[in-house]
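Trainee: I'd like to ask some things about the structure below.
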Amino acid sequence: MNSAGFPKRGLALLALLFAALIAAPLLVNDYLLTVLIIILYFAYAGQAWNIMMGFAGQLSLGHAIYVGLGAYTAAALYVHFGIGPWIGLLVAVPVAMACGAIIGFLAFRFGVAGVYFAILTIAFAEFARIGFDHIGYTGGSAGLFLPVAQYAHNDLWNLRGKPIMFYYVMLAFTAAAFVLCRYLLRSRMGYFWQAIREDEEAARALGIDTFRYKMFAVVISAGMTAVAGVFFAFYYNNLFPEQVFHISRSIELILAPIIGGIGTLFGPILGAFVLTGLSEAMTELLHTLGIDVPGAKQVFYGVCLLIVVLALPDGIWPWLARRLRLERS
Amino acid sequence: MTMLLSITAVSKRFRGLVAVDRVSCEVAKGEIFAVIGPNGAGKTTLFNMIAGALQPDEGAISFQGERIDGLRPDEVCRRGIARTFQIVRPFPALTVEDNVMIGALLRTSDAARARESAHDVLRRLDLLDKRQRAAKSLTLPDRKRLEVARALATAPQLLLLDEVMAGLRPTETDRMVAILRELNARGLTILLIEHVMRAVMALADRVLVLHHGAPIALGTPAEVVRQPAVIESYLGAEAV
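Heads up: the protein sequence lines correspond to chains A and R, in order.
Under this note's numbering, the first residue of the first sequence is numbered 192, with each subsequent residue one higher.
Under this note's numbering, the first residue of the second sequence is numbered 8, with each subsequent residue one higher.
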């Protein structure tokens, strides 16, 4: 959970990882490339969620609402007005931030904390899921579809193109999120967040306006998550409220930082690699072994996660960092 | 003497119970002021009202000539009153250094400068060697000093200490007394709630004795321990 101390070896490792990710599309096939896109997507979204939970200690179990709002806003602008995703981002992010501000204000002003706060976040995501089912403008329960065609070239401005383009876009987002989170964590705000996470009353006694800083955490996290939503819309080209806002989406999004290490910068990235890697490897393994039992993959996957959580309750990264002597114990 | 803190006829009731009953006192700049009394005397309630954790039902609390009753704890701290908790509340997963740095960040937004001033405070509290340790790994005496260090890092005019000696061995108590004396000599005003009479006698310029929420004595330590009411209600006959 420590923020300070980032030795040279850590930077070297980071540079190596980044270089490998830049070179990856040259080395992998189309299938693996789509797997990498999913990994980066979860690394990015996990990083955004981590600001709220890992840094400021506010458990959100409804982050799908920010993904969904980002996705629907940008997709609707594109479908109805032909406004591209980058301009759409400028609308989608504030929309999600406003939603985060409303949830945060209601919770923090009226002292809703801990488990009750988590339930409130679920409730809002459920409102959105049911609400969007009835909004005809965005397709309702029948879904919202972006026009799909075979693209000969990559149109970065409209995010229409081949997986490799999406890969690099997501890589850029993930790298930017990492840099931003590192900056935030070591800023005054980052320290205040950690104080709130550790002991809110003690934080208040040190002069920290906890309401204000918790609001910052929700709003920043919501805005960042909306970026993932915009990507989601343009990558998958279809949006259904039942899927986008579903609670399983919120849970899926928080697994990477939990497995990787809550509150750490590398946790969400490492967790995304482990989780998605494990999931894909499991599919391959079962296929190779010729096991075709429904649900077998989920059971194995669940057991693996259980083992990780039991053996390394702080997540994989803190353990690995100690092993690699990258962080003080 | 200029008065730093003025408490005027402050009362606090919890349903039927009068926890603090029209208490008035003034703390002068530069003094060490102690509040003592048996369990349930209302010491911590009074303390929490000064720190902003509770609001008085009646009366006024002024700091540097301005009303502070009704302010939130963080606002009180920003005005220049820092507190410790009776049951220490360090940020457990953070290092000693980061704990204190968070206090220092109240007065500067620059992390490097906050770290520097945290080091100064840690040096004064004999904790500099342990700055890289996680706060949760410290022993109780160290955690008590960390609690003081973190409060001091906010650069207060007035330091409120809630039973900072409780649970310390006599040698540790003496060490804390020496540290507090040193801080006071540098101009810090201290208000402490304390059960450890050894520390109160050694430190306090003036002592307020509370019993059932009401003040029963106020004076120098030597004066108050001779008063029959204090002996009867608090010290017990054997203390004479």
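C-beta atoms are modelled at their ideal positions from N, C-alpha and C, and glycine is treated no differently.
1. Considering only C-alpha positions, which residue in the set A:A363, A:P485 and A:Y358 is nearest to L223 (chain A)?
2. Using only alpha-carbon positions, find the residue among A:T479, A:F246, A:I321 and A:A283 that is nearest to A100 (chain R).
3. Which runs of the beta strand (DSSP E) at least 3 residues long sit entirely within the stretch 157 to 245 of chain R? Give them in chain order.
4. Starting from the beta carbon of I109 (chain R), find every residue of chain A whose beta carbon is closer than 8 Å, and list them in chain order.
5. Are there 16 or more other CB atoms within 10 angstroms of the CB of A210 (chain A), so buried, or fewer, so exposed?
6. May I have the straight-line CA-CA distance separating K50 (chain R) from S18 (chain R), to the nearest angstrom?
7. Between the alpha carbons of N193 (chain A) and Q139 (chain R), how many angstroms are there, rounded?
8. At least one CB of chain A closer than 8 Å to the CB of S116 (chain R): is that the case?
9. Can you give me the start and stop residues for the beta strand (DSSP E) that F40 (chain R) sits inside?
10. Considering only the beta carbon of each residue, do F233 (chain A) and L466 (chain A) sit closer than 8 Å?
11. Using 8 Å as the limit for Cβ to Cβ distance, is R377 (chain A) near chain R?
12. The alpha helix (DSSP H) that contains V421 (chain A), what's its start and end?
13. Using a beta-carbon distance below 8 Å, is F70 (chain R) in contact with chain A?
14. Would you report the Cα separation of P216 (chain A) and L362 (chain A), rounded to the nearest angstrom?
15. Please say whether L297 (chain A) and N428 (chain A) have beta carbons closer to each other than 8 Å?
16. Measuring straight from C-alpha to C-alpha, what distance separates A316 (chain A) and G279 (chain A)?
17. Just mark Q489 (chain A) as buried or exposed, buried being the case when its beta carbon has 16 or more other beta carbons within 10 Å.
18. Does the stretch 18 to 37 of chain R touch the stretch 472 to 491 of chain A, meaning 3 or more C-beta pairs lie closer than 8 Å?
19. Looking at chain A, is there any beta carbon in it that lies within less than 8 Å of the beta carbon of T196 (chain R)?
20. Check the Cβ-Cβ distances between D81 (chain R) and every residue of chain A, and say whether any is below 8 Å.
21. Three or more C-beta pairs closer than 8 Å, one from the stretch 81 to 97 of chain R and one from the stretch 39 to 48 of chain R: is that the case here?
22. Quick one: which chain R residues come within Cβ less than 7 Å of D390 (chain A)?
23. If you measure from the beta carbon of R20 (chain R) to each beta carbon in chain A, is any gap under 8 Å?
24. Do A267 (chain A) and A436 (chain A) count as a contact pair if the criterion is CB distance below 8 Å?
25. Per DSSP, which one or two residues make a beta bridge with M10 (chain R)?
26. For Y374 (chain A) and G462 (chain A), I'd like the C-alpha separation in whole angstroms.
27. Would you call the stretch 60 to 74 of chain R in contact with the stretch 226 to 246 of chain R, where contact means no fewer than 3 C-beta pairs closer than 8 Å?
28. What does DSSP give as the partner residues of T15 (chain R) in its beta bridges?
29. Would D105 (chain R) count as contacting chain A if we go by Cβ distances under 8 Å?
30. Within a Cβ cutoff of 6 Å, which residues of the same chain sit near Q234 (chain R), ignoring the five residues on either side of it in sequence?
31. Helix, strand or coil for T102 (chain R), going by three-state DSSP, please let me know.
32. Please confirm whether E154 (chain R) and A125 (chain R) have their CB atoms less than 8 Å apart.
33. Which residues bound the beta strand (DSSP E) around I88 (chain R)?
34. Determine which residues share a DSSP beta bridge with E73 (chain R) and list them.
35. Should A185 (chain R) be flagged as near chain A, meaning a C-beta pair shorter than 8 Å?
36. Considering only residues of the same chain and omitting the five flanking positions on each side of T365 (chain A), which have a CB-CB separation below 6 Å?
Mentor: Per the coordinate set shown:
1. Minimum Cα distance to L223 (chain A) is reached at A:Y358.
2. A:F246
3. The qualifying runs are 165 to 169, 196 to 200, 213 to 218 and 221 to 226.
4. Y382, F383, Q385, A386, A394, L397 and I399
5. exposed
6. 12 Å
7. Interpretation of N193 (chain A) is limited by its pLDDT of 43, a score under 50 that renders its predicted location unreliable; the figure taken from the coordinates is listed afterwards. Each residue's Cα considered, the two are about 11 Å apart.
8. yes
9. I39 to I43
10. yes
11. yes
12. Element bounds for V421 (chain A): T401 to Y427.
13. no
14. 11 Å
15. no
16. 21 Å
17. Exposed is the call here.
18. no
19. Judged by the 8 Å Cβ criterion, T196 (chain R) is not in contact with chain A.
20. yes
21. Fewer than three Cβ pairs drawn from the stretch 81 to 97 of chain R and the stretch 39 to 48 of chain R lie within less than 8 Å of each other, which leaves the two stretches out of contact.
22. R96 and F98
23. no
24. With the sequence shown as reference, residue 436 (chain A) is identified as Phe, and Ala is not the correct amino acid for it. Result no, Cβ atoms of F436 (chain A) and A267 (chain A) do not sit closer than 8 Å.
25. Partner residues in the beta bridge of M10 (chain R), as assigned by DSSP, are R:A35.
26. 21 Å
27. no
28. As computed with DSSP, T15 (chain R) is found in a beta bridge with R:A67.
29. yes
30. Same-chain partners within the cutoff: A224.
31. strand
32. It is not a contact, given that the beta carbons lie outside the stated cut-off.
33. I88 to R90
34. R:F70
35. no
36. L231, A234 and Y235
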